[in-house]
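Asker: Encoded as structure tokens, here's the structure I'll be asking about.
Protein chains: 2
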Amino acid sequence: MKQAITRRQLQPPNKQAAVFQHVRRAHQMEATEDYVELIDDLIACEGEARLVDMARHLGVSQPTVSKTLARLQREGYVNSQPYRSIFLTPKGKKLAISSRKRHDIVFKFLIAMGVSEATAKRDSEGLEHHASAETLHAFNNFIESRSRTASG
Amino acid sequence: MKQAITRRQLQPPNKQAAVFQHVRRAHQMEATEDYVELIDDLIACEGEARLVDMARHLGVSQPTVSKTLARLQREGYVNSQPYRSIFLTPKGKKLAISSRKRHDIVFKFLIAMGVSEATAKRDSEGLEHHASAETLHAFNNFIESRSRTASG
DNA sequence: TAGAAAAGTTAGCCTATGCTAAGTTTATTA
DNA sequence: TAATAAACTTAGCATAGGCTAACTTTTCTA
């Protein structure tokens, strides 16, 4: 098989720096998005979001969740009284909805690509935070063209 | 348009926790992978990897690079004498090669999906760290089937 | 080759996210 | 309802990765 050779080429420093800065910014939002998405899911499925359940689902300790929730509250994503369950503010709810939408697109896309469900679940959790609107749009087109082919 | 409704369903706590733990682990490797990849590129394109160029390409300050390089040296990925240029250990070189391979697959895949070059560059930098072997394999199949269609 | 500029280091600060241990509040149950 | 258990918070620690300021070393150049 002929292997395409990609000529190694460095980007101009400022261009590449902009890319890395963009990734770091996305990265700062990751925990926030995971948290609000989980809170929204817990409220939808269990009736309320308790810290102990968040810790169990996230695989971290309760104090870690407590500390991160304090930041989210400070930043206006969530609302909660001490020792009580957690609520999303409108801003948090909005972020939860858009995060879930992206997550779903990435998940369905991976399934459409023939990836196993277990891997799709795992990878979509990491990938969702780094797919731009343009990429998500391309993924969505692919999903829709596949579902047309499959059903029509 | 009929919109597919995904029934909201929480994963079992331990299953979801495993996913998040996996993402956190991948996340810890991100900086390491970006650094060794960049060092390898700088050596290939400029003849040597200097800290100042790394800082410029990464978009961070020199002390930040210095600190992270100290960790990478501690962990056996790089080698360097004070005030001198930076070298990859065999372990670092191996990681650089596999990171670059993943990066290339993700980039080419996005291009094959019809995403613009600018977006593909940007997104591939974030996505590369979160695509499993299975997903990369699926991406690669897609690239190859497209290049067959295009050229044959 | 001396002085200036560039590169690299060190010190000290910050935030985010992990942890355990210990204490407080709330909920359960005997 | 009193005791226990569960949930939550607080304190204190660690690491990673950001930063600026100040210092040292190396390199360049006049």
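Residue numbers (the working numbering), protein chains in the order written: chain A, 690 to 841; chain B, 690 to 841. Glycine included, every Cβ here is placed at the ideal spot set by N, Cα and C.
#1: Could you check what DSSP says for V712 of chain A in three-state terms: helix, strand or coil?
#2: Contact check, F709 of chain A vs G736 of chain B under 8 Å by CB: the rounded distance?
#3: Locate the alpha helix (DSSP H) running through G815 of chain A, then write down its first and last residues.
#4: So, does the CB of E823 of chain A fall closer than 7 Å to a CB anywhere in chain B?
#5: With DSSP as the reference, please indicate the residues paired to A738 of chain B in a beta bridge.
#6: I'd like to know whether the C-beta atoms of R789 of chain B and P702 of chain A end up nearer to each other than 7 Å.
#7: Using 7 Å as the threshold, is the C-beta distance between A809 of chain B and L825 of chain B below it?
#8: Using the C-alpha atoms, what's the distance from L777 of chain B back to Y766 of chain B?
#9: In chain order, what residues of the same chain have a beta carbon less than 8 Å from the beta carbon of V741 of chain A, not counting five sequence neighbours either side?
#10: State the DSSP-derived secondary structure class of V749 of chain A, mapped to helix, strand or coil.
#11: Comparing alpha-carbon positions, which option in B:E823, B:I832, B:A807 lies nearest K704 of chain A?
#12: Can you confirm whether the region 769–786 of chain B touches the region 721–729 of chain B when touching is taken to mean that 3 or more C-beta pairs between the two stretches lie within less than 8 Å?
#13: If you count every other CB in all the chains shown that lies within 10 Å of the CB of G815 of chain B, and 16 or more means buried, which is it?
#14: Using Cβ-Cβ distances below 7 Å, what residues of the region 796–816 of chain B are close to chain A?
#15: Taking Cβ-Cβ distances below 9 Å as the criterion, which residues of the region 747–777 of chain B are in contact with chain A?
#16: Kindly list the residues whose CB is nearer than 6 Å to the CB of V817 of chain A, restricted to its own chain and excluding five residues on each side of it in sequence; keep chain order.
#17: Pull up the distance between the alpha-carbon of C734 of chain B and that of T721 of chain B, whole angstroms please.
#18: Anyone know if the C-beta pair for V804 of chain B and E833 of chain A falls short of 7 Å?
#19: To which residues of the same chain is N768 of chain B closer than 6 Å at the C-beta, ignoring the five residues directly before and after it?
#20: Roughly how many angstroms lie between the CA atoms of R714 of chain B and N830 of chain A, to the nearest whole one?
#21: Can you check whether the CB of R811 of chain A is closer than 7 Å to the CB of H716 of chain B?
#22: Using alpha carbons as the reference points, say which of B:A785, B:R697, B:Q770, B:R835 lies closest to M802 of chain B.
#23: Decide if S821 of chain A is buried, meaning its Cβ has at least 16 other Cβ atoms within 10 Å, or exposed.
#24: Distance, Cα to Cα, Q762 of chain A vs Q698 of chain B?
#25: Taking 7 Å as the limit between beta carbons, can you name the residues of its chain near A738 of chain B, skipping five residues before and five after?
#26: Apply the 10 Å Cβ neighbour rule to R837 of chain A and answer buried if 16 or more other Cβ atoms are within range, or exposed otherwise.
#27: For chain B, check one thing: does any of its Cβ atoms lie closer than 7 Å to the Cβ of H792 of chain A?
Answerer: The answer reads as follows:
#1: Along the first sequence, read from residue 1 onward, the residue named residue 712 of chain A stands at position 23. DSSP places V712 of chain A in helix when its eight states are reduced to three.
#2: Taking the first sequence and counting its residues from 1, the one referred to as residue 709 of chain A is at position 20. Taking the second sequence and counting its residues from 1, the one referred to as residue 736 of chain B is at position 47. Not a contact, Cβ separation roughly 22 Å.
#3: For this step, residue 815 of chain A is matched to residue 126 along the first sequence. Per DSSP, the continuous alpha helix (DSSP H) segment holding G815 of chain A begins and ends at 806–816.
#4: Your numbering for residue 823 of chain A matches position 134 in the first sequence. Yes - at least one Cβ of chain B is within 7 Å of the one on E823 of chain A.
#5: Taking the second sequence and counting its residues from 1, one reaches residue 738 of chain B at position 49. In the DSSP assignment, A738 of chain B is bridged to B:I775.
#6: Counting from 1 along the second sequence, the entry for residue 789 of chain B is found at position 100. Counting from 1 along the first sequence, the entry for residue 702 of chain A is found at position 13. Cβ distance not < 7 Å, so R789 of chain B and P702 of chain A don't count as in contact.
#7: Taking the first residue of the second sequence as position 1, residue 809 of chain B is located at position 120. Taking the first residue of the second sequence as position 1, residue 825 of chain B is located at position 136. Not in contact: A809 of chain B and L825 of chain B (Cβ atoms no closer than 7 Å).
#8: Locating residue 766 of chain B in the second sequence gives position 77, where the first residue counts as 1. Locating residue 777 of chain B in the second sequence gives position 88, where the first residue counts as 1. Distance between the alpha carbons of Y766 of chain B and L777 of chain B: 6 Å.
#9: Start at 1 with the first residue of the first sequence, and residue 741 of chain A comes out as number 52. Taken in chain order, the residues that qualify are Q751.
#10: What you label residue 749 of chain A is simply residue 60 of the first sequence in a count that begins at 1. Note: V749 of chain A maps to coil in three-state DSSP.
#11: By one-based count along the first sequence, residue 704 of chain A stands at place 15. Closest by alpha carbon: B:A807.
#12: Yes, since at least three Cβ pairs between the region 721–729 of chain B and the region 769–786 of chain B fall closer than 8 Å, the two stretches touch.
#13: For the purposes of this step, residue 815 of chain B is taken as residue 126 along the second sequence, with counting starting at 1. Around the C-beta of G815 of chain B, 16 or more other C-beta atoms lie within 10 Å, and the residue is accordingly described as buried.
#14: Of all residues in the region 796–816 of chain B, only L799, M802, G803, V804, S805, T808, K810, R811, D812, E814, G815, L816 come within less than 7 Å of chain A when Cβ atoms are compared, listed by chain position.
#15: Residues passing the 9 Å Cβ filter: L747, G748, V749.
#16: Against the first sequence, residue 817 of chain A aligns to sequence position 128. Note on residue identity: the sequence assigns Glu, not Val, to residue 817 of chain A. Excluding residues within five positions, the ones whose Cβ falls inside 6 Å are R791, H792, V795.
#17: Counting from 1 along the second sequence, the entry for residue 734 of chain B is found at position 45. Counting from 1 along the second sequence, the entry for residue 721 of chain B is found at position 32. Computed Cα separation, rounded: 20 Å.
#18: As a working note, residue 804 of chain B is residue 115 in the second sequence. As a working note, residue 833 of chain A is residue 144 in the first sequence. A distance of 7 Å or more separates the beta carbons of V804 of chain B and E833 of chain A.
#19: For this step, residue 768 of chain B is matched to residue 79 along the second sequence. Counting only Cβ-Cβ distances below 6 Å, and skipping sequence neighbours, we find F776, T778.
#20: Looking up residue 714 of chain B in the second sequence gives position 25. Looking up residue 830 of chain A in the first sequence gives position 141. Looking at the two C-alpha atoms, the distance is approximately 31 Å.
#21: Start at 1 with the first residue of the second sequence, and residue 716 of chain B comes out as number 27. Start at 1 with the first residue of the first sequence, and residue 811 of chain A comes out as number 122. Cβ atoms of H716 of chain B and R811 of chain A: not closer than 7 Å.
#22: Stepping through the second sequence from its first residue, residue 802 of chain B is reached at position 113. Of B:A785, B:R697, B:Q770, B:R835, the residue nearest in Cα terms is B:R835.
#23: Numbered from its first residue, the first sequence carries residue 821 of chain A at position 132. With 16 or more other Cβ atoms within 10 Å, it is buried.
#24: The residue given as residue 762 of chain A occupies position 73 in the first sequence. The residue given as residue 698 of chain B occupies position 9 in the second sequence. Between the alpha carbons of Q762 of chain A and Q698 of chain B lies a distance of about 25 Å.
#25: Counted from its first residue, the second sequence places residue 738 of chain B at position 49. I728, L731, I732, S774, I775, listed in sequence order.
#26: What you label residue 837 of chain A is simply residue 148 of the first sequence in a count that begins at 1. The Cβ neighbour count for R837 of chain A, taken over all protein chains shown within 10 Å, is under 16; the residue is labelled exposed.
#27: Here the question's residue 792 of chain A lines up with position 103 in the first sequence. Taking Cβ atoms only, chain B never reaches closer than 7 Å to H792 of chain A, which makes this a no.
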